[in-house]
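Structure, as structure tokens:
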């Protein structure tokens, strides 16, 4: 039975997933779906094969096409929360915050509150652009939960439209500091490789020609260590996980990135050593050029100190 507010999906098993448990396949290939949620769908009869309800332990065969009925997710309604903010700049039109590592930008499944948006709603007293909707008011661009650094939010729709336009035209620039595994040979370089959804894991991104978008990252070497390199990256485009994917693509994944790099924590880093250090844009109201910086956070400087000490040993 299909209820109002439901989404009907058709998914076909590719050759590389032949023989896989169906609940495992669904969790890996449907966005924001956990394995337990996939099992609940199967238990409730919401997955069918040629009109027949499928059991959760069903083993797939290449070419099988399943119909999946999903309830439309209801966007979490963000509420104001008194959470401290490290404000780098603020005026009537916008606010720029130095986000700490570990903070989610906006409410999402598994993170209903405690986000940057919750903190902004409290600080700005509801004065945020409505273009992002109730889920992410004011948010012009995002950075990952475990990436620290600068993020800009618009306080009104005109500011939001201007900043979004600058983002699209690539005149709003973002620069990051990162520590990567391995020693880069070249002092600078450009990675021009398209990024799209990983073909076998929908929770990851990958360099791929299929269903991808162009992605360009420029980098320069700040310091070399025995087995690591401190780099500064400038985004020309802004794809999901772009720097993490691109650096892993050239064989130098970011230190602490257990998704695209080593699967176990290294040098005490259990999340990526990546910091959004600089934002450059034109102010949407005054047309004045803006250049804002966020100093390297403690976790980053501790990692650099650790690498320096190891070099001296």
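In our numbering, the protein residues as written are 573 to 885. Each residue gets a CB set at the ideal place from its N, CA and C atoms; glycine is no exception. Just so you know, these numbers come straight off a predicted model, no measurement behind them.
Span of the beta strand (DSSP E) around residue i
i	result
residue 941	With the chain covering 573 to 885 only, the question about residue 941 has no answer from this structure.
residue 666	666–671
residue 749	745–753
residue 631	That residue, residue 631, is in no beta strand (DSSP E); it is neither H nor E in DSSP.
residue 803	800–807
residue 536	Residue 536 is absent from the structure shown; the chain starts at 573 and stops at 885.
residue 722	720–726
residue 620	619–621
residue 662	659–662
residue 777	777–779
residue 764	760–764
residue 864	861–865
Sequence-distant residues of its chain with Cβ nearer than 7 Å to residue i (five each side left out)
i	result
residue 632	585, 589, 590, 591, 592, 594, 597
residue 974	With the chain covering 573 to 885 only, the question about residue 974 has no answer from this structure.
residue 711	677, 678, 689, 704, 725
Extent of the continuous alpha helix (DSSP H) run through residue i
i	result
residue 793	From DSSP, residue 793 is part of no alpha helix (DSSP H) but of the beta strand (DSSP E) over 788–796.
residue 844	Residue 844 -> no alpha helix (DSSP H), and no H or E assigned at all.
residue 597	594–601
residue 820	814–821
residue 609	607–615
Which of helix, strand or coil DSSP assigns to residue i
i	result
residue 651	coil
residue 582	strand
residue 830	coil
residue 591	coil
residue 855	coil
residue 695	helix
residue 677	coil
Nonlocal neighbours in the same chain, by C-beta distance under 6 Å from residue i, ignoring five residues either side
i	result
residue 610	595, 598, 599
residue 852	745, 863
residue 719	846
Cα-Cα separation, residue i to residue j
i	j	result
residue 513	residue 669	Here the chain comprises residues numbered 573 to 885, so residue 513 is not present and cannot be evaluated.
residue 772	residue 735	34 Å
residue 743	residue 700	23 Å
residue 667	residue 686	18 Å
residue 817	residue 703	29 Å
residue 763	residue 713	21 Å
residue 654	residue 675	14 Å
residue 867	residue 807	18 Å
residue 833	residue 754	11 Å
residue 825	residue 819	5 Å
residue 601	residue 776	10 Å
Cβ shell of residue i (< 8 Å), same chain only, five flanking positions each side left out
i	result
residue 886	Outside the modelled stretch of the chain, which goes from 573 to 885, sits residue 886, for which no answer is possible.
residue 765	779, 787, 818, 821
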